[in-house]
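Trainee: If you're matching positions, the sequence shown starts at 2 in this note's numbering and goes up one per residue.
Structure provided below as C-alpha cells; questions to follow.
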Amino acid sequence: MMDKYTDSYIKEILQEVKTIAVIGASGKSNRDSFVVMKSLLEHGYKVFPVNPNEKDNLILGQLCYSSMDLIEEPIDMVDIFRASDAVLGVTEEAITIQAKVIWMQLDIINYDAEELAQEAGLKVVMDRCPKIELNKPYWTSNKN
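Written out as C-alpha cells, the structure is:
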C-alpha cells in the first residue's frame, strides 16, 4: 500500500492545498488528530476542525464545526480521522462541498470512497499521514 503514491504526487497535493478540514478532530492533546492538526497549522495551512462532539469549541485556537457544509470557506483537502466504514459518508460530503483531495489517515482504507472520490475528480490518499509526509527529506531539500 505504501508504494501506491509517489513522493511527487504527495508533494504536489501538500503544495497545492491551502485549507484543510480535519474530520474527527479532538481537543485532547494526546490524540493523533490534535498532533496532526497542530503540525498542519505550524506548516501554514488554514485548518478547520470538524467533530459534532466538539462543536463550537476551540481546538488549537480554531473554531470546531459539526459538519463541513457549515464552513464558509472553500476546503481544499479533507483529512479523515474516522473509522474506515465512516469514510464513504465523509467522502460524499467532501464531494458536495467541492473539496479537491480526500486524505485518509494511517490504517484508514476505503476503496469504495476512493473510487467515488476519483470519479468526482478528487485526488485520493489512503493510509498516510500528512504530518509524516511534511517531515520527509524532500521538503527540506526543496520546499518549492
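We put the CB at the ideal spot given by N, CA and C, even for glycine.
Small disclaimer: the values here were computed from a predicted structure and weren't measured.
Which partner residues does Thr20 have in the DSSP bridge list?
Mentor: Reading the sequence shown from its first residue, position 19 is the one you call residue 20. Partner(s): Lys47.
Trainee: Which whole-angstrom value is the C-beta distance of Asp77 and Asp108, which I expect to be below 8 Å?
Mentor: Here residue 77 corresponds to residue number 76 of the sequence shown, with the count starting at 1. Here residue 108 corresponds to residue number 107 of the sequence shown, with the count starting at 1. With a Cβ gap of about 23 Å, Asp77 and Asp108 do not count as contacting.
Trainee: From Phe82 to Ser9, what does the alpha carbon distance come to, in whole angstroms?
Mentor: As a working mapping, residue 82 is identified with position 81 in the sequence shown. As a working mapping, residue 9 is identified with position 8 in the sequence shown. Rounded to whole angstroms, Phe82 to Ser9 spans 24 Å at the Cα level.
Trainee: Among His44, Cys65, Tyr46, Gly45, which one has its Cα closest to the Cα of Asn54?
Mentor: Here residue 54 refers to the residue found at position 53 of the sequence shown. Answer by Cα proximity: Cys65.
Trainee: Going by the beta-carbon positions, is the gap between Val102 and Val79 smaller than 8 Å?
Mentor: Here residue 102 refers to the residue found at position 101 when the sequence shown is read from its first residue. Here residue 79 refers to the residue found at position 78 when the sequence shown is read from its first residue. Yes; because the gap between Cβ atoms is below 8 Å, this pair is in contact.
Trainee: Whole beta strand (DSSP E) runs in the segment 24-88 with 3 or more residues, listed along the chain?
Mentor: As far as the segment 24-88 is concerned, its whole beta strand (DSSP E) runs of at least 3 residues are 47-51, 78-81.
Trainee: Could you tell me which of Val51, Glu116, Glu93, His44 sits nearest to Glu147, measuring between CA atoms?
Mentor: Here the chain has residues from 2 to 145 only, and residue 147 is not among them.
Trainee: Could you tell me if Gly25 is buried or exposed, where buried requires 16 or more neighbouring beta carbons within 10 angstroms of its beta carbon?
Mentor: Indexing the sequence shown from 1 puts residue 25 at position 24. Label assigned to Gly25: buried.
Trainee: What does Val125 pair with, by DSSP beta-bridge criteria?
Mentor: Counting from 1 along the sequence shown, the entry for residue 125 is found at position 124. BP columns for Val125 point to Ile103.
Trainee: Verify whether the separation of the beta carbon atoms of Thr20 and Lys39 is less than 8 Å.
Mentor: As a working note, residue 20 is residue 19 in the sequence shown. As a working note, residue 39 is residue 38 in the sequence shown. No.
Trainee: Would DSSP call Asp108 helix, strand or coil?
Mentor: What you label residue 108 is simply residue 107 of the sequence shown in a count that begins at 1. If DSSP states are grouped into helix, strand and coil, Asp108 belongs with coil.
Trainee: Please report how far the alpha carbon of Ile11 lies from the alpha carbon of Glu134, in whole angstroms.
Mentor: Reading the sequence shown from its first residue, position 10 is the one you call residue 11. Reading the sequence shown from its first residue, position 133 is the one you call residue 134. Between Ile11 and Glu134, the C-alpha separation is close to 8 Å.
Trainee: Can you tell me whether DSSP reads Thr92 as helix, strand or coil?
Mentor: Sequence index remark: in the sequence shown, residue 92 carries index 91 (1-based). It is helical.
Trainee: Would a C-beta distance cut-off of 8 Å place Leu61 and Pro131 closer than the cut-off?
Mentor: Along the sequence shown, read from residue 1 onward, the residue named residue 61 stands at position 60. Along the sequence shown, read from residue 1 onward, the residue named residue 131 stands at position 130. Not a contact, by the Cβ cut-off of 8 Å.
Trainee: My output table needs one value for Tyr139: the three-state DSSP class, helix, strand or coil.
Mentor: Residue 139 sits at position 138 when you count from the first residue of the sequence shown. Residue state, collapsed to three classes: helix.
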